[in-house]
Amino acid sequence: MTSPEKSWRREALATLALAWPLALTNLSQMALTVTDVMFLGHLSAEALAAATLGANLYWAVLAPAFGLAMAAAPLLAQARGRGVRLLRGRRGAVHAASIAALAATIPAWLVLWHAGPVLRLLGQDPGLADLAQDYVRALMWGMLPFVLFIVLRGLLAAEARPRAALVVAAIGILVNAGLNWLLVFGPLPLGVVGAGIASTGANALMFAGLLWAVAADRRLRRLRLFLPLRAGGNPLAGVPQVLRVGLPIAGAMALEMGVFSAAAFLVGGFGAPSVAAHGIVVQVCSATFMIPMGVGQAATTRVGHAFGAGQPAAARHAGFVAIVLGAGFMAAMGVLLVAFPGLLIGLFLGDADPLGPEVLAIAVPLIIAAGVFQLADGVQVVATGALRGLSDTRVPMLLVGLGYWVIGLPGGWLLAHPLGMGPLGIWIGLAIGVGAVAVLMMARWLRLAQPAGLTGRHAFHPVAT
3 MTSPEKSWRR
13 EALATLALAW
23 PLALTNLSQM
33 ALTVTDVMFL
43 GHLSAEALAA
53 ATLGANLYWA
63 VLAPAFGLAM
73 AAAPLLAQAR
83 GRGVRLLRGR
93 RGAVHAASIA
103 ALAATIPAWL
113 VLWHAGPVLR
123 LLGQDPGLAD
133 LAQDYVRALM
143 WGMLPFVLFI
153 VLRGLLAAEA
163 RPRAALVVAA
173 IGILVNAGLN
183 WLLVFGPLPL
193 GVVGAGIAST
203 GANALMFAGL
213 LWAVAADRRL
223 RRLRLFLPLR
233 AGGNPLAGVP
243 QVLRVGLPIA
253 GAMALEMGVF
263 SAAAFLVGGF
273 GAPSVAAHGI
283 VVQVCSATFM
293 IPMGVGQAAT
303 TRVGHAFGAG
313 QPAAARHAGF
323 VAIVLGAGFM
333 AAMGVLLVAF
343 PGLLIGLFLG
353 DADPLGPEVL
363 AIAVPLIIAA
373 GVFQLADGVQ
383 VVATGALRGL
393 SDTRVPMLLV
403 GLGYWVIGLP
413 GGWLLAHPLG
423 MGPLGIWIGL
433 AIGVGAVAVL
443 MMARWLRLAQ
453 PAGLTGRHAF
463 HPVAT
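Residue numbering for the sequence shown follows our numbering, beginning at 3 and increasing consecutively.
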């Protein structure tokens, strides 16, 4: 009989083996935007502020396509756990998620093409709005290859083969950095437009690289993903199931990304230095968030495998171990952000920028506030990933809306404006919102992780073809 210590150690090692390539892949994808911001921050505070506004709008409208693409991972993980070997069914899940994500991308493009008027309607400075539109119009064409990359990454995670995505994403970072140097400062200086082109080129390369990796893998080649659609079955047959799982994921992501976008627009009323400071802190927090997000994705796979195999005790164990791992990492990141705020912010500022000292002064208290909610952020994202392994996505979406939009954002507005705390008040509100979501998600997991909650829940049906 295995001791509890050995059981936890074995599950932790299995989770980390799957999580670290996923986490580093997330980090490398985040590094594309971070690289853009770092280059533009050394160009000017105005360029940094415009890119911050544009990127916030981009991520807000990306959420539906992103969420539908992410639906592939839990569906494929449960199929593998149940021993579903019908290659057609697994191929159908990939095709259905890709089609759903493509359909969601088209309206997002329409919004982003008119980013300037949209941002002005949201009360942003007209000059910054126009500059943000220039950035977004170059950035938006990378959206489709990005979401298709997410679908293929979900396939690799479900097959416990995530390293190819890491290698491809690492190459994408290097390409993005090189293109940023070339197109922002170098021989072809295009400013914010150059940064957008760099990220689009990197996303396209990453999708092409992962497509080649799947085609070249001997085991994945058996799925015959690249059959003509008619020969591979009806590609639309699996779309309803993708929508059932993916739309709540998309809704939760829209609510989560949207609250940070709304916070950026609220900060926009305090001027360009405040927007630039907000943008820097968002990038730092997003970078730390990518690691527990990878642990959460590993939890989706581990819980999904066990749940699909009809092993509720193993599913429960996998979820709890992953939550502890994510919380431990983010507790350490919280200490780092609180202890060294100035050092982290300085990485994003140019010495010659006259607004640099003002941006630094605004950003330091913001990043300390962000450090306070790191632990809660780790708990909520991993618990969400574990719940997705159970195909539990609708209630978590509602909990995200309650925590961020009913508690966090109104509280931030109240602190920022009536109580006169400015941008710091908005970030304190965000911290309260993240804490509320963490408590709600953990309560949901504790309820469903009981044997009675897992038994017979969300019976899995393979994707039709």
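No residue lacks a Cβ here, since even glycine has one placed at the ideal position from N, Cα and C.
Limits of the alpha helix (DSSP H) - the one that residue i falls within
i	result
Gln382	Gln376 to Gly391
Ala47	Ala47 to Met72
Arg221	Arg220 to Arg223
Leu150	Met145 to Ala160
Val138	Pro128 to Leu141
Ala172	Arg165 to Asn182
Ile428	Pro425 to Leu450
Pro412	Leu411 to Ala418
Gly422	Taken as a continuous stretch (DSSP letters only), Gly422 belongs to no alpha helix (DSSP H), as it is neither H nor E.
Leu401	Arg396 to Gly403
Gly118	Ala117 to Leu123
Cβ neighbours of residue i in the same chain (closer than 7 Å, five flanking residues each side left out)
i	result
Val36	Gln285 and Ala289
Ala171	Thr27, Ser30, Gln31 and Met208
Val149	Ala67, Phe68, Ala71, Ala103 and Thr107
Leu421	Gly427
Thr202	Ala140, Leu141, Trp143 and Gly144
Glu258	Val402 and Tyr406
Leu121	Leu55, Leu59, Ala131 and Ala134
Ala300	Thr17, Leu20, Ala21, Leu24 and Ala324
Ala160	Ala75, Leu78, Ala79, Arg82 and Thr303
Pro189	none
Gly306	Pro76, Ala79, Gln80, Gly83 and Gly391
Whole-number beta carbon distance between residue j and residue i, since they are thought to touch under 8 Å
i	j	result
Gly270	Asp136	In fact, because the Cβ distance is near 17 Å, the residues do not count as touching under 8 Å.
Gly410	Val277	That pair is no contact at about 19 Å.
Leu368	Trp429	5 Å
Pro147	Asn205	5 Å
Gly43	Leu351	6 Å
Ile173	Gly211	6 Å
Val153	Ser100	5 Å
Thr386	Met443	6 Å
Exposed unless 16 or more other CB atoms sit within 10 angstroms - verdict on residue i
i	result
Val283	buried
Trp447	buried
Glu48	buried
Val465	Residue placement at Val465 is flagged as unreliable, the pLDDT there being 40, under the threshold of 50; the coordinate-derived value follows with that caveat. Label assigned to Val465: buried.
Arg223	exposed
Gln382	buried
Gln452	exposed
Glu13	buried
His116	exposed
Phe309	buried
Phe291	buried
Pro242	exposed
Pro356	exposed
Leu389	buried
Ala371	buried
Phe342	exposed
Arg82	buried
Ala318	Checking the sequence, you will find Arg at residue 318 rather than Ala. It counts as buried.
Pro191	exposed
Arg1	The shown model of the chain, from 3 to 467, leaves out residue 1, and the question about it has no answer.
Beta-carbon contacts of residue i that lie in its chain and below 8 Å, excluding the five residues immediately before and after
i	result
Ala256	Ala62, Ala65, Pro66 and Gly69
Pro425	Val269, Phe272, Ser276, Ala279, His280, Ile364, Leu368 and Ala418
Trp22	Gly296
Asp219	Arg163 and Ala166
Arg125	Per the sequence shown, residue 125 should be read as Gly rather than Arg. Here the set comprises Phe267, Gly270 and Gly271.
Ser9	His319
Gly344	Leu362 and Val366
Close beta carbons around residue i, own chain, < 6 Å, minus the five adjacent residues each side
i	result
Gln376	Met332, Met335 and Gly336
Ala438	Gly405 and Ile409
Gly200	The amino acid at residue 200 is misidentified as Gly; the sequence shows Ala. Asn178, Leu181, Asn182 and Leu185, listed in sequence order.
Gly435	Gly405, Tyr406, Ile409 and Gly410
Ile175	Ser30 and Ala33
Gly328	Pro294, Val297, Gly380 and Val384
Gly248	Gly69, Leu70 and Ala73
Arg232	In this prediction, Arg232 has a pLDDT of 49, which is less than 50 and means its spatial position is unreliable; nothing more can be read from the coordinates.
Leu88	Legend: pLDDT at Leu88 = 49, less than 50; position of this residue unreliable, value from coordinates given subsequently. Result list for Leu88: empty, nothing under 6 Å.
Ala217	none
heavy atom of the ligand ATP below 8 Å from residue i C-beta
i	result
Gly358	This structure does not include the ligand ATP; it has no bound ligands of any sort.
(message) Could you tell me which whole alpha helix (DSSP H) segments of length 4 or greater appear in the region 266-343?
(response) 274-310 and 314-341
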